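Structure first, commentary second.
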Amino acid sequence: MKLGSFSQKATPEMIAAAQPPAGFESILSSSPFGWENGPIFEKITEDRIMRGFRVAPRHLNAGGMVHGGMVMTFADILLATAAHSVASPPMVTVRVTTDFIGPAVEGEWVQGYAEAEAPVDGMIPVRGLIEAAGRPVASVQGLFKALVRSAK
11 MKLGSFSQKA TPEMIAAAQP PAGFESILSS SPFGWENGPI FEKITEDRIM RGFRVAPRHL
71 NAGGMVHGGM VMTFADILLA TAAHSVASPP MVTVRVTTDF IGPAVEGEWV QGYAEAEAPV
131 DGMIPVRGLI EAAGRPVASV QGLFKALVRS AK
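Here the numbering used here is used: the first residue of the sequence shown is 11, the next is one more, and so on.
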């Protein structure tokens, strides 16, 4: 697959199954990995961008809770969204730190928001919170690096 050639948006059936809260719209997935973990939804307000997903069976661990890897995948997507608000792509994730606070279970709506600080030497610090049904699931922090494309 050619880099940048993947682009998928949730179907009406997927959106109906996810039952996103009012104001959330499905995002365009630009990677097969992101597509397999979605659909992911977005709500833009005056002061923040929120992202969310409905917990499906494929997101669960053996204990019946959202798998930590899914929480961390969502954290990376969420933090990158905030990083893009202060710097232009391309950028890469340098670090994501996740402090797990509580569980999310099948059928719950998981959402989060993040805030980015101004870039310093091309590095963008970001922090956010992920919640399920109004309960905290994880506190997340990240560091992103803006890439400089070389002339060809």
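A virtual CB, placed ideally from N, CA and C, is assigned to each residue, including glycine. Quantities reported herein were computed from a predicted structural model and do not represent experimental measurements.
Tell me the rounded alpha-carbon separation between residue i and residue j.
| i | j | result |
| --- | --- | --- |
| Glu35 | His77 | 24 Å |
| Gly144 | Glu118 | 10 Å |
| Glu73 | Asn47 | Looking at the sequence shown, residue 73 is not Glu but Gly. If you take the alpha carbons of Gly73 and Asn47, they lie about 19 Å apart. |
| Asp131 | Ala27 | 43 Å |
| Asp57 | Leu139 | 15 Å |
| Gly79 | Arg68 | 12 Å |
In its own chain, which residues sit with a C-beta less than 6 Å from the C-beta of residue i, not counting the 5 before and 5 after it?
| i | result |
| --- | --- |
| Val81 | Ala148 |
| Pro4 | Any property of residue 4 remains undetermined from this structure, which presents the chain solely from 11 to 162. |
Taking Cβ to Cβ, would you say residue i is nearer than 9 Å to residue j?
| i | j | result |
| --- | --- | --- |
| Thr108 | Val150 | yes |
| Phe110 | Val136 | no |
| Met60 | Tyr123 | yes |
| Leu70 | Glu116 | yes |
| Gly33 | Lys53 | yes |
| Pro49 | Ile37 | yes |
In the DSSP output, which residue or residues are listed as bridge partners for residue i?
| i | result |
| --- | --- |
| Gln151 | Thr107, Arg137 |
| Val120 | Phe63, Ala142 |
| Val115 | Met75 |
| Ala26 | Beta-bridge pairing links Ala26 to no other residue. |
Under 7 Å Cβ to Cβ from residue i, same chain only, skipping five residues before and after it: list those, please.
| i | result |
| --- | --- |
| Ala114 | Val65, Met75, Val76, Val120, Ala142, Val147 |
| Pro129 | Val96, Ala97, Ala156 |
| Val106 | Met82, Ala85, Asp86, Leu89, Val150, Gly152 |
| Gly112 | Arg145, Pro146, Val147 |
At a Cβ threshold of 9 Å, is residue i touching chain D?
| i | result |
| --- | --- |
| Arg145 | This model lacks chain D altogether; it includes just one protein chain. |
When burial is assigned at 16 or more other CB atoms within 10 Å of the CB, is residue i buried or exposed?
| i | result |
| --- | --- |
| Gly152 | buried |
| Ala93 | buried |
| Phe43 | exposed |
| Thr55 | exposed |
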